[in-house]
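Each position in the sequence shown, counted from 1, maps to that position plus 248 in my numbering.
No residue lacks a Cβ here, since even glycine has one placed at the ideal position from N, Cα and C.
Treat the numbers as computed from the prediction; the structure is a model and nothing was measured.
This report concerns only the one structure given below.
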Amino acid sequence: MKNVFGNNLTLTLFGESHGPAVGAVIDGLPAGIRVPEEAVSAVMNRRKAYGRISTSRHEEDKVEFLSGIKDGFTQGTPVTILIRNENAERKDYTENIIRPSHADYTGLEKYRGYADLSGGGHFSGRLTAPLTAAGAVCLGMLEKKGITIGTHILQIRTIHDERFHETDPADQLNALRGKQFPVLSDQAADLMKHAIAEAADEGDSLGGILETAVCGLEAGIGEPWFDTAEGMIAHAVFSVPAVKGISFGAGFDLAQMKGSEANDAFTAENGKIKTMTNHSGGIAGGITNGMPVLFRTVIKPTPSIAKEQRSVDPETLEEKIIAVKGRHDPAIVHRACPVIDAVAALVITDLCIERYGALWFTEKDKR
Ligand SMILES: Cc1cc2nc3c(=O)[nH]c(=O)nc-3n(C[C@H](O)[C@H](O)[C@H](O)COP(=O)(O)O)c2cc1C
């Protein structure tokens, strides 16, 4: 029943949607890493709800570091992140219903009625706030080492953004910086926002596909069998609520290719071995090959919708027609982008510590 992820760097998540606070504990960070609060807030702002395309539950999401940080630097002790819940409305969830495709039924079974599942409880997307804050700390650490991570919305229904350049998406990652709705093509962004708003007006919701790139990783990171770079990233990404699939590089398209089309031919450039294509998504044998790590994630449509659906009263087993009340995201895709960046950052930091040791990330000795 543990709620801990990671090897060298571990993350524990705690809290419920309608409890007093949500939070995270990061253990394994060495002493002497600068944690600029403004950089953490900037990542948190990208996860915030806004406008007609998000839930109307707006939270300040002020990150409090309760332990592990002194004068803006890690102390080498566990870092505790707390984010208070300030805008929870329990009255929206008083009806005894299990929402189709949410975790109400599975949570009821697992915790045998003891858990506070109001507003999704511990399963709520709200828990991605401390997850994002923890990832923001790692994003800052990686950036100092020249490793950058970015995610954009690749597809919503039939609307497509342009793909990341498979061998060099660095400029595209730069172009995404600061975008609240992370789409490369402004035209596609407008169409996507319009589609989400239209679904919201119908009391419905939409899902989509995200594409993530990690640039600046050297070859040699990851373990050959169980803690493969792909396996660790997939494990973390599947921890994000509403994720239903992930693929690396050319992914499922590899099924249609011949070896001669799928293989990434080698070349030498500026004294370094590179590949001419990147169908492997920057990973071979579970280990990074020095090319950008590329993966795509499928996010399902938000389960809570105002449209009528069939359900069952879990106490009486009486069949019911329900229309979900409360404040919900008509699409999760845009808010999930910084969350995917965050979990990718946690994994990459963990794998880098395995490869280079924790002191690789730190400032010089203070004594
Ligand atoms: C940032 C974020 C926000 C979310 N907001 C909502 C929401 O407003 N309403 C909802 O029903 N689900 C929301 N979800 C998704 C549910 O938490 C998720 O679908 C549910 O816990 C079931 O888990 P599963 O979809 O992974 O099976 C959100 C997820 C994320 C990542």
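If the five residues before and after PRO417 are omitted, its C-beta is found closer than 7 Å to the C-beta atoms of ALA461, CYS463 and PRO540, all from its own chain and listed in chain order. Within the chosen limit of 7 Å, ligand 1 reaches the beta carbon of VAL587 through at least one heavy atom. Nearest Cα to LYS573 within the set HIS582, VAL581, VAL560 and PRO551: PRO551. LYS441 has its Cβ no nearer than 7 Å to any heavy atom of ligand 1. Of the other Cβ atoms in all chains shown, fewer than 16 fall within 10 Å of the Cβ of SER304; this residue is therefore exposed. By the Cβ-count criterion, GLU264 is buried, with 16 or more other Cβ atoms from all chains shown falling within 10 Å of its own Cβ. Per DSSP, reduced to three states, the secondary structure at THR322 is strand. Taking 7 Å as the cut-off, the C-beta of ALA592 does not count as close to any heavy atom of ligand 1. With respect to GLY534, GLY470 sits close: the two C-beta atoms are nearer than 8 Å.
Distance between HIS413 and GLU459, taken at the CA atoms: about 11 Å.
ALA381 and ALA590 have their C-alpha atoms roughly 8 Å apart. Shortest Cα-Cα distance from LEU421 to any of HIS408, GLY394, ASP438 and LEU594 involves GLY394.
For THR396 and THR564, the gap between their C-alpha atoms comes out near 52 Å. The region 431-440 makes no contact with the region 492-506; the number of CB pairs closer than 8 Å stays below 3. Counting the other Cβ atoms within 10 Å of the Cβ of SER453 gives 16 or more, which makes it buried. Assigned with DSSP and collapsed to three states, HIS370 falls in helix. A buried status is given to HIS266, since no fewer than 16 other beta-carbon atoms sit within 10 Å of its beta-carbon.
Taking 7 Å as the cut-off, the C-beta of GLY267 does not count as close to any heavy atom of ligand 1.
With a 10 Å radius around the Cβ and a threshold of 16 neighbouring Cβ atoms, ASN526 comes out buried. ALA467 is bridged by DSSP to ASN537.
Per DSSP, ALA269 is one residue of the beta strand (DSSP E) stretching across 269-275. Out of ASN511, SER289, ILE547 and THR610, the CA that lies nearest to the CA of PHE486 is found in ILE547. Boundaries of the alpha helix (DSSP H) harbouring HIS442: 434-449, taken from the DSSP string. Residue environment: HIS306 is assigned as exposed (fewer than 16 neighbouring CB atoms within 10 Å of its CB, all protein chains considered). Apart from sequence neighbours up to five positions away, the residues of its chain that approach ARG405 with a beta-carbon distance below 8 Å are ALA443, LEU454 and GLY456, ordered along the chain.
Note that the C-beta distance between LEU379 and LEU365 is not below 8 Å.
For HIS582, the enclosing alpha helix (DSSP H) stretches over residues 581-604. The C-beta of ASN537 has 16 or more other C-beta atoms within 10 Å across all chains shown, which makes the residue buried. An exposed status is given to MET524, since fewer than 16 other beta-carbon atoms sit within 10 Å of its beta-carbon. Closer than 7 Å to some heavy atom of ligand 1: that describes the Cβ of PHE371.
Relative to ligand 1, the nearest heavy atom lies less than 7 Å away from the CB of THR376.
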